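Those protein sequences? They're chains A and B, same order as listed.
Residue numbering for the first sequence follows the numbering used here, starting at 424 and increasing by one per position.
Residue numbering for the second sequence follows the numbering used here, starting at 424 and increasing by one per position.
For every residue, glycine included, the Cβ atom is placed at its ideal position computed from N, Cα and C.
Computed from a predicted structure; not experimentally measured.
Written below as structure tokens is the structure these notes are about.
2 protein chains.
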Amino acid sequence: MPTSAGRFYICAMTKVGILGGGQLGRMLLQAAANYPVETYLMENDAGCPAAHLCHHFISGDIKNFDDVYQFGKGLDAITIEIESVNEAALEKLESEGVRIYPKPAALKTIKNKILQKQFYKDNEVPTADFLITQNINELTNNSSFLPAVHKLATGGFDGRGVQVIETKDDISKGFDAPAVLEKMVKIKKEIAVIIAVSDTGDTAMYPAVDMIFDNRLNLLEYQVSPAVLPEKILWKVEAIAGKVVRDLQSAGIFAIELFVDHNDNVYVNETAPRVHNSGHHTIEANFSSQFDMLWRVMLGYPLGSTEHILPAAIVNLLGAEGYSGEAVYEGLNEILQIENVFVHIYGKKETRPGRKMGHITILSKEKQELVHQANRIKNTVRVIT
Amino acid sequence: MPTSAGRFYICAMTKVGILGGGQLGRMLLQAAANYPVETYLMENDAGCPAAHLCHHFISGDIKNFDDVYQFGKGLDAITIEIESVNEAALEKLESEGVRIYPKPAALKTIKNKILQKQFYKDNEVPTADFLITQNINELTNNSSFLPAVHKLATGGFDGRGVQVIETKDDISKGFDAPAVLEKMVKIKKEIAVIIAVSDTGDTAMYPAVDMIFDNRLNLLEYQVSPAVLPEKILWKVEAIAGKVVRDLQSAGIFAIELFVDHNDNVYVNETAPRVHNSGHHTIEANFSSQFDMLWRVMLGYPLGSTEHILPAAIVNLLGAEGYSGEAVYEGLNEILQIENVFVHIYGKKETRPGRKMGHITILSKEKQELVHQANRIKNTVRVIT
């Protein structure tokens, strides 16, 4: 059997584990079935969106040292689909030769918001000014820093653990635990960039994405890719995102969220060391999707192309306010009649207000068509009970 | 909970079973994860390409009445990824209210080559002239009908069960069992068309595909979609394919393979009542892939769009001659560097000469680029051991 790393590729199947079984794991496993790879997944809930799409499902707690260590022993590589995993176990596995994407050191930096902000500062990555508060008293003592955003150092996810503190009156809403107090930036635009890094240090950057927010509800309305940005701002965005990933010194896939303020300054908001909601359009819209790309990284293949096949928008399907229970997708049939629309339902049995239940991708050469259909979808589909 | 069939869709998950666990099942299950559906799969081999991608894997013999009947009881719908299933069990399940795609009556017609040819004749669908032979003596007695192709009535698959009988000297290669003796047509082109039919009789036809053969080896070299055909021939192709599907009177997805002769006559070669190799490019190249489309049919959604996003070609990766054993994909890394190429490896542990081990899709606006890359892939990738 040929064994050189050059023209030959050996198919004794690589064993790759995923920690976490949500929609990111689900889409990662859909993409895995294009390659010769044996997949392992650990998650507490056997009914989670990804559990049925792997070769080996292991019930376990991804935050528990022993569970993660036992899961990872004997695997060739591990990735995560959520940051809240036991990083000590990953460090031990890494020291024993298991390839981890992202590296535990990078994960450690990112998953603690205090360390993450300090990392930007230490590496001269532009980010909003901040203070560190250990408890509610320290927040009170820094009221001159308001208006600001209070972000819990650990444990926040999907909007939880983040609190806007406009004035002294809001201080009681702050966190009585280690947190970052971040100066509020007057945001003109929010942008996201996804970058893949191979084991050999090759990188591939996806076109920047426009994240369009409903300012009234402070909710992501839809995303458009590629972002419409003046060249100079785009250059800043790409330079900053590239620097973040270089400084993290880890292979894997990274999503960098950035703000543009009214003076066209660009700041990093936060980084995720994994596949990310802001890259879901790449499944249909780009030659190599973010999920395909991560498999290429983990299996040692060449990086894929981040070029667009067609521009795209996505709309997240969130559980509607006031509905908890078995999910019903109102308006789905109407949307499935639109030619250039792709539906992704995550297979979660129960909906809850704000829960990510699916997303819908629109492809079109025309920006107007993307925005039109995004709004139509938002006004048509509701996840209720 | 709303129950009307109109604007509301109920997500109490539909239970759908697949008989057979090869690459077609694998790609079908990749597509299933976009929808709320609970998947069941039956196959003897728990290591088959699709086994790990369903909610419920049931080990069983798809040719056995009891196995298929027990599998299907309690499911909402069943589809097949291979014709050689127990159709009597499907008939019983159908009579008990399980929706079967395709209908057992259509499957029965198609899976027996004698019945299939007779169906074309009865419905005035143009097809090559034929005789029916019950044994080798009847073949000998009809030597004036040569040159012809002898096709076993049942049990043939992927080239097995088909024998070219040019002259009397070849008669010993014929089948001593019920078979069709089909007059050899001088073929100018081979074309395939995939059509979806919904429960309500709506149809969606994919653009016709050019199947390019190596005449020397009589092997499919690659496929290009859409086919380049004079309008008049295309009309014939579409009219004939449409008639076949209408006359079969079944919902589901159907692949119709056709010949064009040197006088521009169009003949049906054969029909498959399922997703098909000639539609694999639709995964990336069309808005709704053949796999997505079959889920839409089975879940009662509107049919998707068969329009091209970009033209495409595919190359099948077959096990190389002379190699049997654990598969190695020579040249894969080189191909993965091409921007507009998508790799699908089916995850079969063992290769054998001629075994379908994967396929590679190329997307491009330029026909020349499609053909160039198809040839490059054919000359670069080899499945060996």
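Taking 8 Å as the threshold (C-beta atoms), are residue j and residue i in contact?
i      : j      : result
B:I679 : B:M716 : no
A:Y746 : A:T803 : no
A:Q760 : B:P725 : yes
B:V806 : B:T784 : no
B:P630 : B:H731 : yes
A:N739 : A:L643 : yes
A:N442 : A:I501 : Residue 442 of chain A is actually Leu in this sequence, not Asn. Yes, the Cβ-Cβ distance between A:L442 and A:I501 is below 8 Å.
B:P525 : B:E514 : no
B:V689 : B:V660 : yes
B:L498 : B:K438 : yes
A:G445 : A:M465 : no
B:G597 : B:L554 : no
B:V572 : B:E605 : yes
Could you tell me if residue i is buried or exposed, where buried requires 16 or more neighbouring beta carbons within 10 angstroms of its beta carbon?
i      : result
A:S648 : buried
A:G781 : buried
B:R719 : buried
A:N709 : buried
B:V651 : exposed
A:E504 : buried
B:G727 : buried
A:V587 : exposed
B:D633 : buried
B:A735 : buried
B:A662 : exposed
B:S787 : buried
A:L640 : exposed
B:S701 : buried
A:H685 : exposed
B:K540 : buried
B:Q796 : buried
A:P776 : exposed
Which stretch, first to last residue, makes up the alpha helix (DSSP H) that contains residue i?
i      : result
A:L759 : Element bounds for A:L759: n/a, residue is neither H nor E.
B:D489 : F488 to G495
B:D545 : K536 to D545
A:M436 : No alpha helix (DSSP H) holds A:M436; DSSP gives it neither H nor E.
Just to confirm the assignment, what range does the beta strand (DSSP E) spanning residue i have?
i      : result
A:Q586 : V585 to I588
B:F682 : G675 to D684
B:L604 : A602 to K606
A:D637 : V632 to D637
B:I555 : F553 to T556
A:V720 : From DSSP, A:V720 is part of no beta strand (DSSP E) but of the alpha helix (DSSP H) over Q713 to L722.
B:E693 : V689 to A695
B:E730 : Careful: B:E730 lies outside any beta strand (DSSP E) and carries neither H nor E.
A:L786 : K779 to L786
B:H767 : V764 to I768
A:A473 : It is not in any beta strand (DSSP E) - A:A473 carries neither H nor E in the DSSP assignment.
DSSP on residue i, reduced to helix/strand/coil?
i      : result
B:E510 : helix
B:Q646 : strand
B:K659 : helix
A:V620 : strand
B:G702 : helix
A:E654 : helix
B:K574 : strand
A:I505 : coil
A:N560 : helix
A:A528 : helix
A:G448 : helix
A:T426 : For A:T426, the predicted model reports a pLDDT of 35, less than 50, meaning its position is unreliable; a value from the coordinates is still stated below. A:T426: coil per DSSP, three-state reduction.
A:A454 : helix
B:E792 : helix
B:A735 : strand
A:A750 : coil
B:A708 : helix
A:V460 : strand
According to DSSP, which residues form a beta bridge with residue i?
i      : result
B:R522 : B:A500
B:S595 : None, per the DSSP bridge assignment.
B:M465 : B:L442 and B:I481
B:G742 : B:V806
B:K612 : B:V683
The ligand ZN and residue i: does any heavy atom of the ligand fall closer than 7 Å to the residue's C-beta?
i      : result
A:E789 : As for the ligand ZN, it is missing from this structure, which has no ligand bound.
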